[in-house]
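Visitor: The structure under discussion is supplied below as structure tokens; questions concerning it will follow.
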């Protein structure tokens, strides 16, 4: 996609439609981290594709780095001053996940690299994640005094309670094969060519399917999650409250702001 | 079991009791596909064994082909004229699955070969599936404009949301090892001898157990599925509606009627 | 921990706190089996650590034998005279599991050897189980005319319906790798050094975390299990009823009382 200088510096979310396939791409210079502004744009593009009659399937991807998504943008998180701001911040991922859930189209995610925190949530909320070897995952939240509360429902829905293993052990990376075995990834490919080929084949066939059949399947797969608007909002509030605790703030103060990975 | 000429041509469902074990066997010349008539017979035999005091465990199996069950009988599906007929047709598998669920006896399934669609549903609804290498699975429903709505609850119950992987990718076979790893099969054997030996051993021990203990375990394993009479009926209606859509009918018109695999 | 002669003979449950870590250790000369007396003590120690401000994480472990825990103490079970006693007996494990569930601290379990029945339930109810190769599992309940009803909710919560495989096949051991793949164990180590190192590292980091964050994660992981006080009590009653059945009592009568493994 075409990117201008400001976008290269500040990050972006862009969407394009070709042959009934909407590709949504995000980028941020700090390891594809997602500040509130980009999370809002992501939510908006998913909503838009959901209502777009010329779209039959969505591809979610990010660019460049060896990282798919390093989660919430840490620099923004460090500047939060109170619980209201904190809750609003964590609602960013809640809104994206709820948009993915309520989207009428099936969402395929291309996971070409590592994910942390909220990034793992995106992979989990996708209907079908196709990953590249090396797409390791880690939930680091607990180690800074908060927790992966907002994304946990999406993870547990897909991986079962195995999700708790990465939530509890906040320091350990789990490799991409672990993520495949646990059901986070539907496919794991040894090289980019194989991954791209598989994505192309699947998008090709899903885009030619009956739109009604695709949408009915999407609805069925998310049955039982109707309370997630409320649930994820509560989870954002819980996380916001923990973030403002004295102990958490002193953890954060000790952090080298440039380290995400 | 003894089979006459008409049965060899039209397919059959038969049941026999020996040593507290009821064996239910089905057969159809087209890859053990199941027309409505055989699905009704299967439901009836499962119900009968459920109430039979001389039965302590059930073995479900099919014969001949390298195929365990190729799902709904396509030729019958192609002749459906309206939504009422379509819903009735899809209720065939709903009734079998609900009979398996409500059956007071534990059901062991012998999966000696591939399954498609509804056939995968039978493996999922069994309490303990013992499979042979090569017993690959595929849900082809989405590619013809419908979806595996009726069998999905049984699949998701056993495999978790990993079931969605085969529902979304309707063109790809998943191999028997995938099915074992995802929990669809409790055991996977490298050869027939090993499979038969394991089935015999398990049936032997279950048939000698306390009937009350077996039945209590069966009930416990299906707790939380009490709404499936309604749920699967709704799912059959959803599938019936999709089948009658213009786009689906034109997909079906383009099919070579002899191809199931 | 310091053990006197009576404790070595009768078994014990002991707890110690060091550096925000409470270690709870149990022992019984018969393969770390748990009589009612030790189950009550275990429940009590878990409750105590839950309310202890100087505790931030719990380690649950057993000693000596190549066995982590061989479940309910068989000699006690064989002497039960009526349904009331039987239900009370099975409430022992129900109480421990509910104490683990309601405990405000995360519980790490060190599974250094095999488990049977209720022992498997302890591994399942732990928040994070770190096991040693050879820590195989078996649910033998069905074969003696009862069933793993009390522990099943904990198993199914962690392993999904794969738990039913060991419930149905009461004679077969599943190896430690199976248990890891099914999610019962978060980690499986090839040798003791590696297991101890991993436990030490994890306890070290969890003990330094924000207590509020740890507790919020614990609560989140057990959401949806609020009815287990009632559920497990019903399950204990079901098991008690089955135990007193004539057929079960005659099974038990035929048992060599010294054989557990």
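Residue numbers (my numbering), protein chains in the order written: chain H, 1042 to 1302; chain D, 1042 to 1302; chain S, 1042 to 1302.
For each residue, glycine too, the CB sits at the ideal point set by N, CA and C.
Would you mind sorting residue 1206 (chain D) into buried or exposed? The rule is 16 or more other CB atoms within 10 Å of its CB.
Guide: Label assigned to residue 1206 (chain D): buried.
Visitor: Determine, for residue 1300 (chain H), whether the minimum Cβ-Cβ distance to residues of chain D falls below 7 Å.
Guide: Because residue 1300 (chain H) sits at a pLDDT of 43, beneath the cut-off of 50, its placement in the model cannot be relied upon, and the following sentence gives the value as read from the coordinates. Residue 1300 (chain H) does not count as touching chain D.
Visitor: Tell whether a beta-carbon distance below 7 Å holds between residue 1128 (chain S) and residue 1278 (chain S).
Guide: It is a contact, given that the beta carbons lie within the stated cut-off.
Visitor: Which parts of the region 1219 to 1278 of chain S are runs of the beta strand (DSSP E), unbroken and 3 residues or longer, counting only runs that do not cross its ends?
Guide: Whole beta strand (DSSP E) segments, 3+ residues: 1228 to 1230.
Visitor: Mark residue 1231 (chain H) as exposed unless 16 or more other C-beta atoms lie within 10 angstroms of its C-beta, in which case mark it buried.
Guide: Flag for residue 1231 (chain H) reads exposed.
Visitor: Out of H:1143, H:1131 and H:1126, state which residue places its alpha-carbon closest to the alpha-carbon of residue 1259 (chain H).
Guide: It is H:1143 whose Cα lies nearest to the Cα of residue 1259 (chain H).
Visitor: Measuring CA to CA, which of H:1225, H:1193, H:1066 and H:1216 is closest to residue 1208 (chain H)?
Guide: Taking only the C-alpha atoms, the option nearest residue 1208 (chain H) is H:1193.
Visitor: For residue 1086 (chain S), count neighbouring C-beta atoms within 10 Å of its own C-beta (all shown protein chains included) and say buried if the count is 16 or more, exposed if not.
Guide: It is buried - the Cβ of residue 1086 (chain S) has at least 16 other Cβ atoms within 10 Å.
Visitor: Does the separation of the CB atoms of residue 1239 (chain H) and residue 1175 (chain H) fall below 7 Å?
Guide: No; because the gap between Cβ atoms is not below 7 Å, this pair is not in contact.
Visitor: How would you call residue 1069 (chain S), buried or exposed, if buried means at least 16 neighbouring beta carbons within 10 angstroms?
Guide: Residue 1069 (chain S) is buried by the Cβ-count criterion.
Visitor: Determine the direct distance from the alpha carbon of residue 1184 (chain S) to that of residue 1289 (chain D), and round the result to whole angstroms.
Guide: When rounded, the distance between both Cα atoms is 50 Å.
Visitor: Alpha carbon to alpha carbon, how far is residue 1002 (chain D) from residue 1151 (chain D)?
Guide: Only positions 1042 to 1302 of chain D appear in this structure, which leaves residue 1002 (chain D) out of reach.
Visitor: State the start and end residues of the unbroken alpha helix (DSSP H) segment that holds residue 1050 (chain D).
Guide: Note, residue 1050 (chain D): alpha helix (DSSP H), 1046 to 1051.
Visitor: Please determine whether the Cβ atom of residue 1132 (chain H) lies at a distance below 6 Å from any heavy atom of the ligand MG.
Guide: Only the bare structure without any ligand can be found here, which leaves the ligand MG out of the picture.
Visitor: According to DSSP, residue 1055 (chain D) sits in a beta bridge with which residue or residues?
Guide: Answer by DSSP bridge pairing, in chain order: D:1066.
Visitor: Can you check which of these residues, D:1234, D:1179 and D:1244, is closest to residue 1110 (chain D) by C-alpha distance?
Guide: Here the closest residue by C-alpha is D:1179.
Visitor: Cβ of residue 1284 (chain D) less than 7 Å from any chain C Cβ?
Guide: Among the protein chains of the structure shown, namely H, D and S, there is no chain C.
Visitor: According to the Cβ coordinates, are residue 1049 (chain D) and residue 1138 (chain D) closer than 7 Å?
Guide: Contact: no.
Visitor: If you draw a straight line from the alpha carbon of residue 1299 (chain H) to that of residue 1281 (chain S), how long is it in whole angstroms?
Guide: Model confidence at residue 1299 (chain H) stands at a pLDDT of 44, short of 50, so the residue's coordinates are unreliable and nothing is read from them.
Visitor: Any idea what DSSP makes of residue 1149 (chain H), helix, strand or coil?
Guide: Residue 1149 (chain H) falls in the strand class under three-state DSSP.
Visitor: Name the chain D residues whose beta carbon is nearer than 7 Å to that of residue 1279 (chain S)?
Guide: Under the 7 Å cutoff, chain D gives 1257.
Visitor: Give, in chain order, every residue of the region 1156 to 1171 of chain S whose Cβ lies closer than 8 Å to some Cβ of chain D.
Guide: So nothing in the stretch comes that close.
Visitor: Less than 6 Å between C-beta atoms, sequence neighbours within five positions excluded: which residues of the same chain meet that for residue 1301 (chain S)?
Guide: Because residue 1301 (chain S) sits at a pLDDT of 44, beneath the cut-off of 50, its placement in the model cannot be relied upon, and the point is left open.
Visitor: May I ask you to list, following chain order, the residues of the region 1241 to 1253 of chain S that have a beta carbon less than 7 Å from some beta carbon of chain H?
Guide: Of all residues in the region 1241 to 1253 of chain S, 1243, 1246, 1250, 1251 and 1253 have a Cβ within less than 7 Å of some Cβ in chain H.
Visitor: Can you look up residue 1122 (chain S) in the DSSP assignment and give me helix, strand or coil?
Guide: Three-state result, residue 1122 (chain S): coil.
Visitor: Curious, which full-length beta strand (DSSP E) runs of at least 3 residues does the region 1077 to 1142 of chain D contain?
Guide: Correct list: 1098 to 1103 and 1108 to 1110.
Visitor: What number of angstroms, rounded off, separates the C-alpha of residue 1094 (chain S) from the C-alpha of residue 1190 (chain S)?
Guide: Straight-line Cα distance between these residues: approximately 34 Å.
Visitor: Let me confirm a value: residue 1158 (chain H) is counted as buried when at least 16 other C-beta atoms fall within 10 Å, else exposed. Which label applies?
Guide: That one is buried.
Visitor: Taking DSSP as the reference, what is the three-state secondary structure of residue 1213 (chain D)?
Guide: Coil, per DSSP.
Visitor: Under 9 Å between beta-carbons, which chain H residues line up against residue 1199 (chain S)? List them in chain order, please.
Guide: Those within 9 Å of residue 1199 (chain S) in chain H are 1201, 1202, 1203 and 1205.
Visitor: Return no unless some Cβ of chain S is closer than 7 Å to the Cβ of residue 1190 (chain H).
Guide: At least one chain S Cβ lies under 7 Å of residue 1190 (chain H).
Visitor: Could you check whether residue 1145 (chain D) and residue 1091 (chain D) sit closer than 7 Å to each other, using their CB atoms as the reference points?
Guide: It is a contact, given that the beta carbons lie within the stated cut-off.
Visitor: DSSP three-state label for residue 1161 (chain D), please.
Guide: In this structure, residue 1161 (chain D) counts as helix in the three-state DSSP scheme.
Visitor: Consult DSSP for residue 1171 (chain S) and reduce its assignment to one of helix, strand or coil.
Guide: Strand, per DSSP.
Visitor: Going by the CB atoms, is the gap between residue 1082 (chain D) and residue 1066 (chain D) shorter than 7 Å?
Guide: Going by C-beta atoms, residue 1066 (chain D) is not nearer than 7 Å to residue 1082 (chain D).
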